Amino acid sequence: MTDQLRGKSAIVGTGHAGFGEAHGLTSFDVMAQSALAALGDAGLKLSDVDGLFCTMMEDSMPALMAAEYLGIQPRFIDGTMSGGSSFVNYLTSATMALDAGLCDVALIVYGSNQRTASGKLVTASRPPAYEAPYNPRYPISGYAMAAARHMHEYGTTREQLADVAVAARAWARHNPEAFERGPLTREDVLGARMVGDPLTVRDCCLVTDGGGAIVLVRADRARDFPKPPVYVLGSAAQSAHRQISQMKDFTVTAARESGKRAFAAAGVSPGDIQAVELYDAFTINTILFLEDLGFCAKGEGGAFVEGGRIAPDGVLPVNTNGGGLSCVHPGMYGIFTVIEAARQIRGDAPGIQLNDIDVALAHGNGGVLSSQVTAILGSQATL
Amino acid sequence: MPNTKGPDQIFQRALAEQEILLPKCDDCGAFHFFPRVLCPHCHGTAISWQRASGKGRVHTTTVVRRKPERGGDYNVCMVELEEGVRMMSRVEGIAPGDVVIDMAVTAFVGAAEDTPIVLFRPAEV
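Sequence lines, in order, name chains C and H. Heads up: the first sequence begins at 1 in the working numbering, then just goes up one per residue. Heads up: the second sequence begins at 384 in the working numbering, then just goes up one per residue.
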């Protein structure tokens, strides 16, 4: 997105369903419940939706499957699959489609039952041919190798990684929607079962059920809905690779490029961001993205997150819902970064509601640090 | 045997002969990996094959933790070859947790089930 699209679309509804364990429901059931929740929030009906933006873990024609299930025949669909970043990426295509008049009501939606269905990541993608013979565990082995390299180059410690999980939990403890709300200490994280060195199970995101949905309209009618509109000020993507073995620098992600362009489109800088919602599939993600998005210098992410600095009452509010580490992670988490950022701006965050949030950042990650998408959202005051 | 010309087939057939070949671009001179029909650096399509030196260093590494009854822990790592390309692999002959970044390693052709694959062992000093 360029600055030509700044503020051209607005989020007028958000919703979710099936958080935690959605017993007896399929992924598409959870998707549909999420869609209804978001449309209800916006005061709209399914029959108003004429643009659908959806991908699912289980199907290679996810947008068609979702439209069929919902009983709608949208005139614009986007099912681009870039992993968990897809739903942040749809902010760009939805804004473009709305601005061009290709649709009037855009619904971004996702759902998964991966916890109750299998208890592990469900995916339709096949292991890459030049990696599969070595049996890396997807996706953790890739993230573990990124963490190991970051520790090697910059002296980042396991304690600093652990502090990311501790901060996420500290936010989640205040959030009744969060799946894990018990106390968590640095020692708990370090002493948890090692899954892929240097990451323990507490360095890894949750495996939950859940779905989310977002309704967008053109900015010119955004004030006609029950909730305060949240404008898309800028969004940008960068695709780096698909396989972890093709990652050029294991300590630098494409968030550096997506962030730069999203900030430019929105006309703001990291110092203007009041709430930061990052896709924290693993603790190393938060450190990498804080660096690459410009909240601290490369290599300083470990020190930046240390000792509660991104926890409640820290220096920067990061993952204020508890993130994928403690709130919800149904296979793909990206949509929830946008939902939490929007709710912080609207003033109806489920957990700790920060004061007077006008500008928030949502960052989606897909694959194995493969796709990075950054979006900057703003209140009416930012237009 | 059908005529095998695709880059993946050339690589795999060489492996079956216990030989590690790497694709190299005739235009820009850079190696690349995985094998493909164009150079990902300059997008040239004239690709030659060179026998790998087999010398590399561990660029990054992890231990996949697995229950002993399922075969136990094993190493997964990225090796940067002298030729400048990286590949995912495994260092054998030492405990998976003893594989460290920057360790010098030497390639050999091993097997995953019945398929030949590139593996590494610590370089002899």
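Idealized CB from N, CA, C, for every residue including glycine. Note that the structure is predicted; figures quoted are calculated from it, not measured.
Does any residue of chain C bring its CB to less than 9 Å from the CB of residue i?
i         : result
Ala397(H) : no
Ala495(H) : yes
Phe416(H) : yes
Ile403(H) : no
Thr489(H) : no
Ile393(H) : no
Asp409(H) : no
Glu430(H) : Rather than Glu, the amino acid found at residue 430(H) in this sequence is Ile. No, Ile430(H) does not count as interfacial toward chain C.
On the CB-based measure, 16 or more other CB atoms within 10 Å of its CB, does residue i come out buried or exposed?
i         : result
Thr428(H) : exposed
Ile477(H) : exposed
Asn355(C) : exposed
Arg75(C)  : exposed
Glu465(H) : exposed
Arg202(C) : buried
Arg221(C) : exposed
Glu291(C) : buried
Met57(C)  : buried
Thr185(C) : exposed
Gln238(C) : buried
Pro136(C) : buried
Thr2(C)   : exposed
Ala495(H) : exposed
Met384(H) : At Met384(H) the pLDDT is 49, less than 50, meaning the model places this residue with poor confidence; the figure from the coordinates comes in the next sentence. With fewer than 16 Cβ atoms within 10 Å of its Cβ, Met384(H) is classed as exposed.
Could you pull out every residue in the same chain whose Cβ sits closer than 8 Å to the Cβ of residue i, ignoring the five residues on either side in sequence?
i         : result
Pro499(H) : Gln395, Leu398, Ala399, Gln401, Val492, Gly493
Glu386(C) : Any question about residue 386(C) goes unanswered here, given that chain C covers just 1 to 383.
Ile77(C)  : Gly51, Leu52, Phe53, Cys54, Ala63, Leu64, Ala67
Arg193(C) : Thr200, Val201
The alpha helix (DSSP H) with residue i in it runs from where to where?
i         : result
Tyr154(C) : 140-154
Ser269(C) : First-last for Ser269(C): undefined, no H or E at that position.
Arg169(C) : 158-172
Ile345(C) : 334-346
Leu98(C)  : 86-99
Gly234(C) : No alpha helix (DSSP H) holds Gly234(C); the beta strand (DSSP E) holding it covers 230-239.
Tyr69(C)  : 62-70
Asp29(C)  : 27-42
Keeping to the same chain, check which residues put their C-beta closer than 7 Å to that of residue i; ignore five residues upstream and five downstream.
i         : result
Val468(H) : Leu405, Phe414, His415, Phe416
So, does the CB of residue i fall closer than 9 Å to a CB anywhere in chain H?
i         : result
Asp272(C) : no
Met61(C)  : no
Ile357(C) : no
Pro139(C) : no
Asp163(C) : no
Tyr110(C) : no
Pro74(C)  : no
Val250(C) : Note that residue 250(C) is Phe in the sequence shown here, rather than Val. It does; some Cβ of chain H falls within 9 Å.
Ala240(C) : no
Ala341(C) : no
Ala254(C) : no
Pro330(C) : no
Glu300(C) : no
Asn135(C) : yes
Gly367(C) : no
Gln380(C) : no
Tyr333(C) : no
In the DSSP assignment, find the unbroken beta strand (DSSP E) run with residue i in it and report its ends.
i         : result
Leu361(C) : 359-366
Ala10(C)  : 9-20
Arg499(H) : For the sequence presented, residue 499(H) should be read as Pro rather than Arg. From DSSP, the beta strand (DSSP E) with Pro499(H) extends over 498-505.
If I measure Cβ to Cβ from residue i and keep anything under 6 Å in the same chain, skipping five residues before and after, which residues do I get?
i         : result
Ser141(C) : Gly196
Ile244(C) : Gly142, Val368
What are the residues of the stretch 450-483 of chain H that lie near chain C, defined by any Cβ-Cβ distance shorter than 8 Å? Look at the stretch 450-483 of chain H: the residues with a C-beta under 8 Å from a C-beta of chain C are Tyr457, Val459, Cys460, Met461, Arg469, Met470, Met471, Ser472, Arg473, Gly480.
Can you give me, in chain order, the residues of the stretch 432-451 of chain H that have a beta carbon less than 9 Å from any beta carbon in chain C? Hits within the stretch, in order: His442, Thr443, Thr444, Thr445, Val446, Val447, Arg448, Arg449.
Give the residues from the stretch 15-47 of chain C that approach chain H closer than 9 Å (Cβ to any Cβ), ordered along the chain. The residues in question: there are none.
For the stretch 141-159 of chain C, list every residue whose C-beta sits within 7 Å of some C-beta in chain H, in sequence order. Residues of the stretch 141-159 of chain C whose Cβ lies closer than 7 Å to any Cβ of chain H, in chain order: Ser141, Ala144, Met145, Ala148, Arg149, His152.
What residues from the stretch 194-211 of chain C come within 7 Å of chain H, judged by C-beta to C-beta, listed N to C? Residues of the stretch 194-211 of chain C whose Cβ lies closer than 7 Å to any Cβ of chain H, in chain order: Met194, Val195, Gly196, Asp197.
Scan the stretch 215-246 of chain C for residues whose Cβ lies nearer than 7 Å to a Cβ of chain H and list them as they occur along the chain. Per Cβ criterion, the list reads Ser245.
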